[in-house]
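Under mature numbering (1 follows the signal peptide of the UniProt record, and there is no 0), the letters of the sequence shown match residues -22 to -1, 1 to 408, in that order.
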Amino acid sequence: MTKVSWSRLMFFTMLMFVLTLAACGNGDTSDEESTDNSDTDTEESVDEGADESAESEPKVTEFEPAFPEQTRAPAVETEAELDVEVVAEGLGVSWGMEEFDTNRLLVTQRDSAELLIVDLEDGSVSDPIEGTPEVNSEGQGGLLDVTIAPDFDESRLVFMTFAQDIEGGTVTAVGKGVLSEDEASLEDFEVIFQAEPAYDGNLHYGGRIIFDDEDNLFLTTGERSDDPIRERAQDLDAYLGKVIHITQDGEAVDTNPFIEDEDALDGIYSYGHRNVQGVDFHPETGDLWIVEFGPQAGDELNIIEPGNNYGWPIVSYGIEYSGELINDGVSEHEAQGFVEPRYYWDPTSAPSGMSFYDNDAIPEWENNLFIGGLASSYIVRVVIEDDLIVGEERLLTDEGERFRDVLVTEDGALIAITDGGMIYKIAAAG
Ligand SMILES: [Ca+2]
């Protein structure tokens, strides 16, 4: 295991990333979420303290926020002394994870579709667990998220999301299987939900899952990226660009907002999303927060309420990768009848998986939100007061990793997994 001193990692304020995305406005490959790793970012140093906001790069757009705290929050800095440790390395693109046993993680490998067990104490990595589903691993597809049933200790049920080939293209699918007692295989794996319609593309699958306190699942999807399919994010007869609420058998939860609407799909909980890559419940308020990947700029943090429309692709605080405006450049959500994001990034933070810090091991982090950043190559720490973002910090800025997902262990360590196959553990020093 490699120990890295925290002080070495604390010079984020001296770094400035200048996005040159405009230089590669050639469709899919310019999406920072794209899988070709052809990052076009350049870095240059600036004097420390040159900018009081966490964001030192110039904005991409000229949009005005709907309220002052909606973007570019003041920079904050963790005061506690932290240890950063590389627990494991040499894995493939590590997309999702869950702590299924104290200090032991289930970790998905997106491209190889493997499910692994990683021991945080000795850094050991298991052989691939048998019985995982067949996936479509083109583009942003593959084996995506993993979580365990609330009654896992008895049922040993593991839930996973993945890109699946079906007639007409691919879908974001959810399946479940039973982890054998010897942890070598997933038994009786079955698909419980497919986010139809299928589409012949390999981008924007969304794919995060989380259990609520009534033991039902929230699933996030993407709108499949291309114009015009992305417009289906606004349609209630398609599961694209949605937050979906289903039971452990894949049925719509009977309190869902469109159950009574015969023209709408029963599983839909909220709509008008682009590509929802992170989801978690706020530890204090219990609200469901999501992060969705924007176009060029305009990544959003949203609080999800049933039946709400979050506006994509009608309104956005971002612009097309080509530099063109979206819908003539309408950014205000509320004025158009949509829900304003609680926060947006301009330029992008390239957000992926996220987790609230629901632990007291690092007291100043309590109820803060941590979000993995991809092309941005950092972890974002967000400080929230009364649903307003009042501070932002960037962590592990010099590792050069695409941070795909983060979680908080029972012990209060922050774990991050990356596209480069690294597993980091950040914990209070000592
Ligand atoms: Ca929006």
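Glycine is no exception: its CB is placed at the ideal position from the N, C-alpha and C atoms.
Name the residue from the options whose alpha carbon lies nearest to the alpha carbon of residue i.
i	options	result
Asn287	Pro235, Val38, Glu76 and Phe137	Pro235
Asp265	Gly228, Asp160, Arg320 and Ile297	Arg320
Ile297	Ala32, Glu33, Phe41 and Ala405	Phe41
Thr375	Leu352, Asp178 and Gly153	Leu352
Glu201	Leu164, Gly250, Asp143 and Thr225	Gly250
Thr225	Ala394, Leu197 and Ala32	Leu197
Glu229	Ile393, Asp213 and Leu195	Leu195
Pro128	Leu164, Gly301, Ile187 and Ile349	Ile187
Glu209	Val85, Phe271 and Ile292	Ile292
Val149	Asp166, Leu135, Glu161 and Glu112	Glu112
Leu135	Gly120, Val152 and Gly68	Val152
Ile395	Gly276, Leu84, Glu388 and Ser90	Leu84
Ser333	Asp258, Ser72, Val62 and Glu377	Asp258
Val64	Val124, Glu377 and Arg382	Glu377
Leu366	Glu59, Gly68, Leu60 and Gln48	Gln48
What residues are listed by DSSP as bridge partners for residue i?
i	result
Met138	Val124 and Gly153
Pro329	Gly351
Phe236	BP columns for Phe236 are empty, so no partner.
Ser300	According to DSSP, Ser300 bridges with nothing at all.
Gly74	Paired residues: none, contrary to the question.
Ala271	Residue identity differs from the one stated: residue 271 is Phe in this sequence, not Ala. Answer is none; Phe271 lacks a bridge partner.
Gly369	Val361
Thr396	Phe381
Tyr322	Glu278
Thr148	Asp143 and Tyr177
Ser90	The partner list for Ser90 (beta bridge, DSSP) is empty, contrary to what the question assumes.
residue 450	Nothing about residue 450 can be reported from this structure: the residues present for the chain run from -22 to 408 only.
Ile107	In DSSP, Ile107 forms no bridge with anything.
residue 488	Not covered by the structure: residue 488. The range shown for the chain is -22 to 408.
Val38	Answer is none; Val38 lacks a bridge partner.
Verify the contact flag: residue i, CB atom, against every heavy atom of ligand 1, threshold strictly below 8 Å.
i	result
Val293	yes
I need the DSSP call for residue i, collapsed to helix, strand or coil.
i	result
Arg382	strand
Phe130	helix
Arg82	strand
Ala313	helix
Glu209	helix
Trp343	helix
Asp306	helix
Arg50	coil
Tyr177	strand
Ala216	coil
Tyr402	strand
His223	strand
Asn286	coil
residue 409	With the chain running from -22 to 408 in the structure shown, residue 409 is simply not present.
Ala1	Residue placement at Ala1 is flagged as unreliable, the pLDDT there being 37, under the threshold of 50; a coordinate-derived value is accordingly withheld.
Asn114	coil
Tyr183	coil
Phe171	strand
Glu262	coil
Ala230	strand
Ala66	strand
Leu60	strand
Asn96	Residue identity differs from the one stated: residue 96 is Val in this sequence, not Asn. Three-state result, Val96: strand.
Taking all protein chains shown into account, do 16 or more other C-beta atoms lie within 10 angstroms of the C-beta of residue i, making it buried, or fewer, making it exposed?
i	result
Glu30	exposed
Pro46	exposed
Asp232	exposed
Glu21	Only weak support is given to the placement of Glu21: the predicted model assigns it a pLDDT of 34, under 50, and the value that follows is read from those uncertain coordinates. Classification for Glu21: exposed.
Asn253	buried
Pro36	exposed
Thr80	exposed
Asn280	buried
Thr139	buried
Gln255	buried
Thr110	buried
Asn114	buried
Val368	exposed
Ser203	buried
Ala32	buried
Asp216	For the sequence presented, residue 216 should be read as Ala rather than Asp. Answer is buried; the Cβ neighbour count reaches 16.
Ser355	buried
Asn305	exposed
Pro325	buried
Ala407	exposed
Glu318	buried
Pro329	buried
Ala51	buried
Ala58	exposed
Please check if any C-beta of chain B sits within less than 9 Å of the C-beta of residue i.
i	result
Ile281	Within the model displayed, chain B is absent; a lone protein chain is all it includes.
### Query
What residues does ligand 3 have around it, judged by CB closer than 6 Å to any heavy atom, in chain order?
Within the structure as shown, ligand 3 is missing, the only ligands being ligand 1.
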